[in-house]
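To start, the structure under review is shown below, and the notes come after it.
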Amino acid sequence: MQNNHSSKHSNLNNLDRHKKPAIFIDRDGTIIEYVAYLNKLENLVLYPFSYEAIAMINRSDYLGIVVTNQPVVAMNLCDINMVEKMHNKMESLLKQHGCYLDHIFFCPHHPDKRHLSNNEYFDNVKLEEEENLIYNKECECRKPAIGMIEKAKSIYNIDMDNSWIIGDTTRDIQTGINAGIKTALVRTGKAGTDNRYKVTPDFVFDNLKEAVNFIINCS
Numbered sequence: 001m002q003n004n005h006s007s008k009h010s011n012l013n014n015l016d017r018h019k020k021p022a023i024f025i026d027r028d029g030t031i032i033e034y035v036a037y038l039n040k041l042e043n044l045v046l047y048p049f050s051y052e053a054i055a056m057i058n059r060s061d062y063l064g065i066v067v068t069n070q071p072v073v074a075m076n077l078c079d080i081n082m083v084e085k086m087h088n089k090m091e092s093l094l095k096q097h098g099c100y101l102d103h104i105f106f107c108p109h110h111p112d113k114r115h116l117s118n119n120e121y122f123d124n125v126k127l128e129e130e131e132n133l134i135y136n137k138e139c140e141c142r143k144p145a146i147g148m149i150e151k152a153k154s155i156y157n158i159d160m161d162n163s164w165i166i167g168d169t170t171r172d173i174q175t176g177i178n179a180g181i182k183t184a185l186v187r188t189g190k191a192g193t194d195n196r197y198k199v200t201p202d203f204v205f206d207n208l209k210e211a212v213n214f215i216i217n218c219s
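Quick note: the sequence shown uses the numbering used here, first residue 1, plus one each step.
Okay, structure coming up:
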């Protein structure tokens, strides 16, 4: 059963290479400006500090891997193709600044039927069509489950003992805890105010660049 979707920067088989640590990075509110249920290409904007943050990862021994929940697919706010277009735009912008992501994993699933009364959704998100039932299900990849991280580990032979996750929500921190890796919360995006999980990050930073700089310099 397919549990996640991904867009690859490289098709290299890394299983025969020495283990490398990874910095797993949330997308919305961490690399790009937070937009509730982003589903339009023109609304995707990278934080200015993200370019140097990713470049620092590229110059280090770490892999830079995005792990992001994209329930907009299950909610029928956009399709898989649009999510991939947004990731292509993000990678193109990074390339223009001389940096890149090693891999982008995303989960298109959402387990619940959508109701406007559900606190997880915003009142300004209107949906005329039913959810995409193909993706409206429980899965092993939706954070805080660790399916995307496990997939990355199997592809890249990742040194989990020295790996990190950076994100702007308690969901990201819970994901790191579940995966047994170190966690860093950033004060951009939701800045941990989602309050979905009672967790404490290992470290808190103002933004992605500060988090990456600390991780690389303390390794």
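In this text, a Cβ means the ideal position worked out from N, Cα and C, and glycines have one as well.
Rounded C-alpha distance that separates residue i from residue j
{"i": "S117", "j": "M75", "result": "Annotation note: pLDDT 38 at S117 (below 50); position unreliable, coordinate value reported separately. About 15 Å."}
{"i": "T193", "j": "R27", "result": "17 Å"}
{"i": "K19", "j": "D79", "result": "35 Å"}
{"i": "V45", "j": "L101", "result": "16 Å"}
{"i": "C139", "j": "H103", "result": "20 Å"}
{"i": "Y197", "j": "H87", "result": "27 Å"}
{"i": "G189", "j": "N157", "result": "30 Å"}
{"i": "W164", "j": "V72", "result": "26 Å"}
{"i": "I57", "j": "N217", "result": "11 Å"}
{"i": "V199", "j": "G167", "result": "13 Å"}
{"i": "V125", "j": "S219", "result": "Residue placement at V125 cannot be trusted, given a pLDDT of 48 that sits under 50; what the coordinates show is reported in the next sentence. In a straight line, the C-alpha of V125 is about 42 Å away from that of S219."}
{"i": "S50", "j": "P201", "result": "21 Å"}
{"i": "Q96", "j": "A211", "result": "23 Å"}
{"i": "A191", "j": "P48", "result": "17 Å"}
{"i": "F203", "j": "A184", "result": "5 Å"}
{"i": "I181", "j": "D206", "result": "20 Å"}
{"i": "K40", "j": "T169", "result": "22 Å"}
{"i": "I177", "j": "R59", "result": "27 Å"}
{"i": "M148", "j": "T30", "result": "17 Å"}
{"i": "N213", "j": "N81", "result": "33 Å"}
{"i": "D159", "j": "A179", "result": "12 Å"}
{"i": "C141", "j": "I173", "result": "15 Å"}
{"i": "N195", "j": "K85", "result": "30 Å"}
Nearest-angstrom beta carbon gap, residue j and residue i [assumed within contact, 8 Å]
{"i": "P144", "j": "R171", "result": "5 Å"}
{"i": "K153", "j": "E52", "result": "So it is not a contact: roughly 27 Å between Cβ atoms."}
{"i": "A22", "j": "I65", "result": "5 Å"}
{"i": "Q70", "j": "C99", "result": "Rounded, the Cβ-Cβ distance is 22 Å, inconsistent with contact."}
{"i": "I134", "j": "T175", "result": "Not a contact, Cβ separation roughly 24 Å."}
{"i": "Y34", "j": "L77", "result": "With a Cβ gap of about 16 Å, Y34 and L77 do not count as contacting."}
Closest residue to residue i among the options (Cα-Cα distance)
{"i": "V83", "options": "C99, G64, G167 and H109", "result": "H109"}
{"i": "E150", "options": "L46, V67 and F203", "result": "V67"}
{"i": "K137", "options": "A184, V35, F105 and P111", "result": "P111"}
{"i": "I32", "options": "R59, L93 and N81", "result": "L93"}
{"i": "I155", "options": "L77, N213, L63 and G176", "result": "L63"}
{"i": "M90", "options": "R59, E42, C141 and D61", "result": "E42"}
{"i": "I25", "options": "R59, N162 and F105", "result": "F105"}
{"i": "I215", "options": "D61, K85 and C141", "result": "D61"}
Beta-bridge partners of residue i, as assigned by DSSP
{"i": "T183", "result": "I165"}
{"i": "L203", "result": "Here residue 203 is Phe; the residue named in the question, Leu, does not match the sequence. A184, per the DSSP bridge assignment."}
{"i": "I236", "result": "Any answer about residue 236 is impossible in this case: the structure gives the chain only from 1 up to 219."}
Residue i at chain C interface by Cβ criterion, 8 Å
{"i": "N157", "result": "The displayed structure is made up of one protein chain only, and chain C is not part of it."}
Entirely enclosed alpha helix (DSSP H) segments - the stretch 6-87, minimum 4 residues
48-59
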